[in-house]
Ligand SMILES: [Cu+2]
């Protein structure tokens, strides 16, 4: 009898943990539960603006700035601008995920991203990503168009 009670409690705990993990996804976003680097932002909540410019010059491609420091729990509104002559994109992720993703992009260069953690911009276009950094750590943002990350288009996000 005692064992049965314990089992029920364990199941109830597992279920509530599962519900918590589902996060804001349940509130209507198709995707966007919690990831290792945070979650999709809520555009209705305050967000600190951070401007990031994409460009290429003399064979070097870059994000300016290429290092962004964030306090854990902060929501950031990345205001993106492509000042270059080529298409560029920004993909927020862990370094490991972006390196893996870069390999997939080599095989499939026309892969389009329509994810809340990524944005592709044509020359002279602007865009926005709102992201909530709920976890401390070091993360990556890169342009995964083949050759671009290698040419310098990568940066670091440090969440403390
Ligand atoms: Cu690029």
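Numbering (my numbering), first residue to last: 1 to 160. All C-beta atoms, glycine included, are put in the ideal place defined by N, C-alpha and C.
What number of angstroms, rounded off, separates the C-alpha of residue i from the C-alpha of residue j?
i           : j           : result
residue 23  : residue 69  : At residue 23, the pLDDT of 35 sits below 50, so the modelled position is not reliable and the matter cannot be decided from this model.
residue 200 : residue 134 : An answer regarding residue 200 cannot be provided, because it is not within the stretch 1 to 160 covered by the chain.
residue 21  : residue 59  : Low local confidence applies: a pLDDT of 41 at residue 21 is under 50, so the model's placement there is unreliable, with the coordinate-based value given in what follows. For residue 21 and residue 59, the distance between alpha carbons rounds to 43 angstroms.
residue 150 : residue 56  : 12 angstroms
residue 127 : residue 141 : 15 angstroms
residue 158 : residue 39  : 15 angstroms
residue 100 : residue 138 : 17 angstroms
residue 27  : residue 160 : The predicted model places residue 27 with a pLDDT of 35, which falls under 50 and marks its position as unreliable; any figure quoted below should be read in that light. Cα-Cα distance, rounded: 27 angstroms.
residue 25  : residue 152 : Caution applies to residue 25, whose pLDDT of 36 falls short of 50 and renders its modelled position unreliable; the model cannot decide the point.
residue 107 : residue 132 : 31 angstroms
residue 129 : residue 45  : 13 angstroms
residue 136 : residue 71  : 8 angstroms
residue 109 : residue 116 : 20 angstroms
residue 111 : residue 91  : 13 angstroms
residue 104 : residue 64  : 25 angstroms
Roughly how far, in whole angstroms, is the beta-carbon of residue i from the beta-carbon of residue j, given that I think they are within contact range, below 8 angstroms?
i           : j          : result
residue 123 : residue 73 : Incorrect: roughly 35 angstroms between the Cβ atoms, too far for contact.
residue 156 : residue 66 : 7 angstroms
With distance defined between alpha-carbon atoms, name the residue in the options nearest to residue i.
i           : options           : result
residue 50  : 75, 139, 86       : 75
residue 87  : 117, 147, 79      : 147
residue 95  : 160, 154, 34      : 154
residue 118 : 61, 144, 45       : 144
residue 53  : 62, 45, 46        : 62
residue 35  : 97, 113, 125, 114 : 97
residue 125 : 64, 79, 33        : 79
Suppose contacts are defined by Cβ-Cβ distances below 8 angstroms. Is residue i in contact with residue j by that definition?
i          : j           : result
residue 37 : residue 102 : no
residue 48 : residue 89  : no
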